[in-house]
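*Asks:* Taken in sequence, the protein lines are chains Y and X. Following numbering that gives the first Met the number 0, the numbering of the first sequence begins with 0 at its first residue and continues without gaps. Following numbering that gives the first Met the number 0, the numbering of the second sequence begins with 0 at its first residue and continues without gaps. Please find one structure pasted underneath; my questions will follow.
Protein chains: 2
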Amino acid sequence: MVRDEDAVREVNARFYRALEAYDAEAMAELWAHESWVACVHPGWEIVRGWSAVEASWAAIFASASRLRVSTDELEVRVSGDCAWVICIEQIATRVEESFYRSRAQATNIFVRRDSGWLLVHHHASPMSEAAFPDATSTVQ
Amino acid sequence: MVRDEDAVREVNARFYRALEAYDAEAMAELWAHESWVACVHPGWEIVRGWSAVEASWAAIFASASRLRVSTDELEVRVSGDCAWVICIEQIATRVEESFYRSRAQATNIFVRRDSGWLLVHHHASPMSEAAFPDATSTVQ
């Protein structure tokens with residue numbers, strides 16, 4: 000039997016794989032399709048409701064940029080049929096031939112359904128560049 | 000009997016009252032005193048564990064500034080013994096004779112204990128000034 004924490008950790012990892020792959024279908028499978036789910040992309044206003052959240056991912060996936068995201072300092076908490084993950088997103092954005100690095104602080108909330116754990120809230124906020132000296136460097 | 004949503008809404012309101020009052024004791028009563036609670040103040044690196052979270056509030060309360068915080072677009076979700084609140088914090092910071100306005104997007108997570116709902120995670124991130132033209136204006 001998979002421990003709850005491990006199951007949540009795996010769903011959280013699938014979320015970042017779907018993000019990197021710009022895979023709208025995989026992203027849709029991860030979320031609860033409810034009017035009350037919400038999503039804060041780094042630097043965006045909050046997006047509320049699955050339809051709007053889905054559209055926001057579509058807008059990101061339609062852009063010419065590509066993302067690589069690894070997670071640091073990841074912590075999983077489970078409380079009954081609810082769970083949340085706290086982590087730092089290390090983001091590399093490729094635009095044409097250049098890469099830009101940034102960091103975001105993420106809070107991801109999941110609820111347990113018969114089908115497994117579903118994402119209901121994603122809040123990612125840009126982190127200060129001060130603690131990340133290479134943030135503005137271009138690596139190629 | 001108080002509905003769960005109303006009980007969570009009230010604890011969330013107490014959190015902002017404690018913040019405005021710079022009341023360390025009231026703040027301490029609101030949080031679970033656990034090693035795994037976490038707090039992201041707007042623009043700060045994440046703070047983990049009650050001792051560090053308590054120290055972060057002490058640092059804020061020790062400053063010469065004073066805060067007024069009202070909440071907008073507040074939404075409460077309860078899932079079993081876990082709950083979360085999403086809201087926009089409208090913040091007025093007073094430094095000497097000047098007020099500065101800012102906004103933050105907040106995610107607050109609570110768990111239910113015998114004593115009531117306790118805060119276990121606060122994530123507040125600065126919002127773009129673009130949607131808030133008065134953000135940099137100085138009133139008073």
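Note that the Cβ used here is the ideal one computed from N, Cα and C, for glycine as well. From a predicted model like this one, the values you see are computed outputs, not experimental measurements.
(1) Would you check if there are 3 or more beta carbon pairs closer than 8 Å linking the region 52 to 61 of chain Y to the region 76 to 92 of chain Y?
(2) Note down, in chain order, each residue of its chain lying with its Cβ closer than 8 Å to the Cβ of tryptophan 116/Y, except the 5 sequence neighbours on either side.
(3) Identify the continuous beta strand (DSSP E) that holds valine 140/X and give its terminal residues.
(4) Would you check if the distance between the CB atom of methionine 126/Y and the CB atom of arginine 100/Y is smaller than 9 Å?
(5) Residues of chain Y with a CB under 7 Å from the CB of serine 127/X: which are they?
(6) Tell me whether the beta-carbon of tryptophan 43/X lies closer than 9 Å to the beta-carbon of serine 55/X.
(7) I want to verify the contact list: residues of chain X whose CB lies under 7 Å from the CB of cysteine 81/Y, in sequence order.
(8) Out of Ala123/Y, Thr70/Y, Thr106/Y, state which residue places its alpha-carbon closest to the alpha-carbon of arginine 16/Y.
(9) What is the rounded straight-line gap between the Cα of phenylalanine 131/Y and the Cα of aspartate 22/Y?
(10) Hey, could you find the ends of the beta strand (DSSP E) serine 78/X is sitting in?
(11) Go through its chain and collect everything with a Cβ distance to valine 39/Y's Cβ below 8 Å, but skip five positions before and after it.
(12) In its own chain, which residues sit with a C-beta less than 6 Å from the C-beta of glycine 48/X, not counting the 5 before and 5 after it?
(13) Taking only beta-carbon atoms, is arginine 47/X less than 9 Å away from chain Y?
(14) Against chain X, which members of the region 98 to 113 of chain Y pass a CB distance test of less than 7 Å?
(15) Do you know offhand how far glutamate 4/Y's Cα is from serine 114/Y's?
(16) Just verifying my parser: in three-state terms, what is the DSSP assignment at arginine 13/Y?
(17) Could you tell me which chain Y residues have their CB closer than 8 Å to the CB of alanine 37/X, listed as they occur along the chain?
(18) Closer than 9 Å, CB to CB, is histidine 32/X near chain Y or not?
(19) Just to make sure I have the definition right: I need the residues of chain Y whose C-beta is within less than 8 Å of the C-beta of serine 124/X. Which are they?
(20) Can a CB atom of chain Y be found closer than 9 Å to the CB of valine 119/X?
(21) Label arginine 76/Y either buried or exposed according to how many other C-beta atoms from any shown protein chain fall within 10 Å of its C-beta, with 16 as the threshold for buried.
(22) Within its chain, find whatever has a CB closer than 7 Å to the CB of proline 41/Y; leave out the 5 residues flanking it on each side and keep chain order.
(23) Apart from the five residues on each side of it in sequence, which residues of its chain come closer than 8 Å, Cβ to Cβ, to leucine 29/X?
(24) In the DSSP assignment, find the beta strand (DSSP E) that holds serine 62/X and state where it starts and stops.
*Replies:* The structure says:
(1) Fewer than three Cβ pairs drawn from the region 52 to 61 of chain Y and the region 76 to 92 of chain Y lie within less than 8 Å of each other, which leaves the two stretches out of contact.
(2) Leaving aside the five residues that flank tryptophan 116/Y on each side, the residues in its chain whose CB is nearer than 8 Å to its CB run, in chain order, Ala6, Val7, Val10, Ala82, Phe109, Val110.
(3) Outside the displayed range of chain X (0 to 139) lies residue 140/X, so it cannot be described from this structure.
(4) Between methionine 126/Y and arginine 100/Y, the C-beta gap is not smaller than 9 Å, which leaves the two residues out of contact.
(5) Serine 127/X reaches chain Y at Gly42, counting residues in chain order whose Cβ is nearer than 7 Å.
(6) Cβ atoms of tryptophan 43/X and serine 55/X: closer than 9 Å.
(7) Listed by position along chain X, the residues whose Cβ is nearer than 7 Å to that of cysteine 81/Y are Ser78, Gly79, Cys81.
(8) Of the residues Ala123/Y, Thr70/Y, Thr106/Y, the one whose Cα lies closest to the Cα of arginine 16/Y is Thr70/Y.
(9) Note that phenylalanine 131/Y has pLDDT 43, beneath the 50 cutoff, so the model's placement of it is unreliable and the number below is only indicative. Take the alpha-carbon of phenylalanine 131/Y and the one of aspartate 22/Y: they are about 29 Å apart.
(10) If you look at serine 78/X, you'll find it in the beta strand (DSSP E) that goes 65 to 78.
(11) Result list for valine 39/Y: Ile45, Val46, His121, His122, Ala123, Ser124, in chain order.
(12) Excluding its 5 nearest sequence neighbours in each direction, glycine 48/X has C-beta neighbours in its own chain below 6 Å: Ser34, listed in chain order.
(13) Taking Cβ atoms only, chain Y reaches closer than 9 Å to arginine 47/X, which makes this a yes.
(14) Residues of the region 98 to 113 of chain Y with a Cβ closer than 7 Å to any Cβ of chain X, in chain order: Gln104, Thr106, Ile108, Val110.
(15) Going by the C-alpha atoms only, they are around 16 Å apart.
(16) In the structure shown, arginine 13/Y sits in a helix (DSSP, three-state: H, G or I).
(17) Glu74, Ile85, listed in chain order.
(18) No, histidine 32/X does not count as interfacial toward chain Y.
(19) What serine 124/X touches in chain Y: Val39, Gln104, His122, Ser124, Pro125.
(20) True, the Cβ-Cβ gap to chain Y drops below 9 Å.
(21) By the 10 Å Cβ count, arginine 76/Y comes out buried.
(22) Counting only Cβ-Cβ distances below 7 Å, and skipping sequence neighbours, we find Ala103, Ala123, Ser124, Pro125.
(23) Here the set comprises Val10, Arg13, Phe14, Ala17, Leu117, Leu118.
(24) Looking at the DSSP string, serine 62/X is not in any beta strand (DSSP E), and its letter there is neither H nor E.
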